[in-house]
Amino acid sequence: METQQQEYESLPIWRNYVDDDYELYYVDYRDDLSEQKGIIEECVRKNNLCPISEKIDEWWEYPEGYQLDEIKKNMENDGFGYVYDECQDYIREWLWEHDTSDPVKDLLRNTGGMTFFYDLGIEVDGWHEAFLCSPWRGETEAQAAYKIRRKLGIKKGTKEARYIDQLVANASYGGHLRIYFNADLENLVDGYDGSHNAKTIVFKGRFAVAVYDPVNGSGDYQDMNIDCSFAFNRDNLFLSCKSVERYTIEDCFGMSDGWAEEYNEPTFSAKPSKHKTRTSSTSAIADQEAEYERVFKAGGCTCGDTNLKRHRNVHYINMPPCRLECPHCGQEWID
Ligand SMILES: [Zn+2]
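The following block contains the structure:
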């Protein structure tokens with residue numbers, strides 16, 4: 277009894293005014309990251325959740341403020357206001373050390389699954405058109421279908437093979453071979469501890485297999501059952517969003533955010549895969565888009581950028597070939 281009393285007395289006064297646990301960050305069930313696609317995509321690129329933590333530091337500048345005020349009030353009521361003023365830094369430290377909240381986890385839980393895609397690094401050719409030329413294509417539809425079947429391990433004559441034929445026929449302008457799926461961000465990146473270490477990505481179950489051209493916003497996708505694995509190349513993994521490409525597959529087909537929820541999630545393995553994955557041109561396209569955007573924001577424009585909105589004073593030339601023309605960079609859009 278006596279020792280307890282002594283121990284009690286040896287504690288600093290402010291210790292009587294603090295709790296053992298605190299939740300400094302309060303995340304409402306309505307708060308989520310569904311409108312923060314750029315941050316999610318940054319996490320995929322960096323392979324960690326730090327971009328979210330950094331945002332949290334911005335959003336909650338002073339998360340311990342409320343608790344500090346409460347403690348101060350209670351101490352002042354007991355005539356210990358001067359102790360509070362002296363010990364504020366210790367109290368603040370205590371709050372941080374005893375904070376059990378995890379706002380990154382809470383926000384991600386509220387956000388749920390999002391639509392990602394894995395680009396298989398294969399480009400499927402389609403029909404090309406040019407002024408005064410008849411349309412042509414580099415590989416036949418049968419060749420394109422064969423290339424896709426071989427990559428996905430689909431046998432000729434199966435139901436899936438018929439889906440691939442449809443895919444090639446509908447994606448008449450060609451595009452990138454991709455697999456779209458729904459996943460939680462945490463399952464696609466290393467945690468804070470770097471435990472992910474994925475070498476192989478495994479698709480087993482129902483997925484959306486797409487041939488999609490993000491520059492023109494055209495293509496097709498088919499729901500199908502696949503069972504295949506590829507060497508995991510992070511440069512080919514993306515969140516389907518505007519920070520990656522101007523026309524997302526959602527824009528192209530008018531789909532809402534949750535369209536991929538019915539699909540399975542890929543799994544990862546630390547064992548190396550025999551099936552290599554070539555880096556897709558999707559990241560180069562994303563970099564190019566970012567560069568066009570940067571030049572336009574700085575007041576200029578770029579010949580080669582087909583986005584009309586990123587040129588100024590575009591006018592119509594009513595002489596064959598009739599076309600729109602940008603007077604600054606010379607970019608043309610032929611009718
Ligand atoms: Zn221009």
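Note that my numbering has the sequence shown beginning at 277, numbered continuously upward. For glycine and all other residues, C-beta sits at the position ideal for the given N, C-alpha and C. Just so you know, these numbers come straight off a predicted model, no measurement behind them.
Excluding the 5 residues flanking residue i on each side, which residues of the same chain have their C-beta closer than 8 Å to its C-beta?
| i | result |
| --- | --- |
| His604 | Gly576, Cys577, His587, Arg588, Asn589 |
| Pro379 | Tyr301, Val303, Ile332, Trp336 |
I'd like the list of long-range same chain contacts for residue i, defined as Cβ closer than 6 Å, with 5 residues on each side in sequence excluded.
| i | result |
| --- | --- |
| Tyr360 | Lys348, Met351 |
| Pro597 | Phe407, Ile610 |
| Glu608 | Arg599, Glu601 |
| Ile430 | Glu436, Ala437 |
| Asn540 | Gly481, Arg482 |
| Lys322 | none |
Leaving out the 5 sequence neighbours to the left and right, which residues in its chain are closer than 7 Å to residue i when beta-carbon positions are compared?
| i | result |
| --- | --- |
| Gly389 | Asn458, Ala459, Asp460, Glu537 |
| Lys547 | Lys475, Thr476 |
| Ser448 | Gly402, Trp403 |
| Ile289 | Phe356, Val359 |
| Leu453 | Leu396, Ile398, Val400, Ile424, Lys427, Val487 |
| His551 | Ser505, Phe506, Ala507 |
Examine ligand 2 and report whether any of its heavy atoms sits within less than 7 Å of the Cβ of residue i.
| i | result |
| --- | --- |
| Phe506 | Absent from the structure shown: ligand 2. Ligands present: ligand 1. |
Ligand 1 site residues, beta-carbon cut 6 Å against heavy atoms: Residues with a Cβ closer than 6 Å to any heavy atom of ligand 1, in chain order: Cys577, His587, Cys602, His604, Cys605, Gln607.
Whole runs of the alpha helix (DSSP H) within the segment 427-455, excluding any shorter than 4 residues: Counting only runs of 4 or more, we get 435-446.
Alpha helix (DSSP H) runs contained entirely in the segment 366-399, provided each spans 4 or more residues: You should have 379-387.
Three-pair Cβ contact test at 8 Å for the segment 371-379 versus the segment 545-564: No, the segment 371-379 does not touch the segment 545-564.
The segment 328-337 contacting the segment 398-418, beta-carbon criterion three pairs below 8 Å: The segment 328-337 vs the segment 398-418: no contact.
Three or more C-beta pairs below 8 Å linking the segment 527-536 and the segment 492-501: Result yes; three or more Cβ-Cβ pairs closer than 8 Å.
Residue ranges of each beta strand (DSSP E) within the segment 531-585, 3 or longer: For the segment 531-585, whole beta strand (DSSP E) runs of length 3 or above, ordered along the chain, are 543-545.
Contained alpha helix (DSSP H) runs [length at least 4] in the segment 469-511, N- to C-terminal order: Residue ranges of uninterrupted alpha helix (DSSP H) with 4 or more members are absent from the segment 469-511; none lies entirely inside it.
Length at least 4, wholly inside the segment 328-356: the alpha helix (DSSP H) runs in chain order: Scanning the segment 328-356 for uninterrupted alpha helix (DSSP H) segments of 4 residues or longer gives 341-353, listed from N- to C-terminal end.
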